[in-house]
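Heads up: the structure comes next, in structure tokens.
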Amino acid sequence: MVRILALGDSLTEGWCYFGTTFHPYSSKLQILLQSLPVSKPFRSGVSGETTEGMQARLPRVLDEDGPFDLAIILGGTNDLGGSLDNNADSLFERLKSLHEVILKKCPLSVAITIPESGFDERYPALREKRSKVNQLLKDYVQANGDRMILCDLSVKLPHNSLSEEDRRRFWHDGLHFSPDGYDRMAEVIFEDIKQYFVNFDES
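Take UniProt numbering: the final residue in the sequence shown is number 203, and no numbers are missing along the way.
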């Protein structure tokens with residue numbers, strides 16, 4: 001059985017409706033994967049967490065809850081407005097370090113781009129930083145060949161280019177998804193990782 005780790009912040013924990021409801025994408029992902037030899041994804045999302053927090057937490061998760069065959073990492077949203085980063089490079093380096101730790105103990109790491117938010121339209125510098133981090137992530141995944149998969153959530157589940165109707169459907173606020181949005185997020189991830197399971201069955 002393939003074991004999956006879903007690591008991240010509130011977007012992995014499934015935060016919505018001001019924290020009164022949690023609807024993690026991993027629940028829908030489990031349904032999408034039910035015909036495949038996959039155990040229930042291990043969700044490790046902490047609302048409000050930055051990539052620094054993930055760096056501190058990840059080794060313990062791997063030691064206590066592993067081993068895993070595939071890890072999905074979504075982080076960086078809470079870092080964008082913080083004081084640690086004058087540019088995109090330091091945030092990217094923290095995300096990169098998470099994947100480096102994963103790849104020492106796990107055959108495959110999935111990098112999810114930092115999604116858009118309602119703040120993009122109001123804060124151009126934040127939008128530019130996010131775009132630069134995402135481009136660095138894309139380049140990093142490409143350089144790692146078949147050991148990494150890119151899931152470009154920022155493009156496949158946008159905020160700013162959606163119609164008002166779709167924005168209300170998929171987003172709870174300018175930062176977090178609605179239950180439908182988290183389910184759509186699972187579908188996007190599934191489409192990007194499903195080929196791995198075909199290869200896994202053939203190996």
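Just so you know, even glycine gets a beta-carbon here, dropped at the ideal spot from N, CA and C.
Since the model is a prediction, treat every value here as computed from it, not as a measurement.
Backbone secondary structure at residue i - three-state DSSP
| i | result |
| --- | --- |
| G19 | helix |
| R3 | coil |
| F92 | helix |
| I114 | coil |
| S178 | coil |
| V198 | helix |
| V38 | strand |
| L103 | helix |
| L70 | strand |
| L33 | coil |
| L108 | strand |
Option in the options with minimal Cα separation from residue i
| i | options | result |
| --- | --- | --- |
| E52 | V141, S39 and G76 | G76 |
| G174 | C16, R3 and D9 | C16 |
| S27 | T12, E49 and L103 | T12 |
| Q191 | L150, E49, W171 and V133 | A small fix is needed here, since residue 191 is Glu in this sequence, not Gln. The option with the nearest alpha carbon to E191 is L150. |
| F170 | G14, R3, V46 and G45 | G14 |
| L157 | D183, S47 and L137 | D183 |
For residue i, the first and last residue of its enclosing alpha helix (DSSP H)
| i | result |
| --- | --- |
| G53 | T51 to D65 |
| L136 | P124 to A143 |
| L150 | That residue, L150, is in no alpha helix (DSSP H); its beta strand (DSSP E) goes M148 to C151. |
| D166 | E164 to F170 |
Exposure of residue i, with buried meaning 16 or more beta-carbon neighbours within 10 Å
| i | result |
| --- | --- |
| M1 | exposed |
| V141 | buried |
| E49 | buried |
| D9 | buried |
| F18 | exposed |
| K129 | buried |
| R168 | exposed |
Where the beta strand (DSSP E) through residue i begins and ends
| i | result |
| --- | --- |
| L157 | Segment: none, L157 is in no beta strand (DSSP E) and carries neither H nor E. |
Near the ligand FMN: residue i beta-carbon under 8 Å from a heavy atom
| i | result |
| --- | --- |
| Y17 | Here there are no bound small molecules, and the ligand FMN is not part of this structure. |
task: For the region 106 to 113 and the region 160 to 177, state whether three or more C-beta atom pairs, one from each stretch, are separated by less than 8 Å.
output: no
message: Between the region 118 to 127 and the region 95 to 109, can you find at least three pairs of beta-carbon atoms closer than 8 Å?
response: no
Cβ contact check for the region 59 to 78 and the region 101 to 108: 3 or more pairs under 8 Å: yes
- request: Evaluate the contact criterion for the region 175 to 188 versus the region 27 to 44: three or more CB pairs, one atom per stretch, below 8 Å.
  value: Touching, yes.
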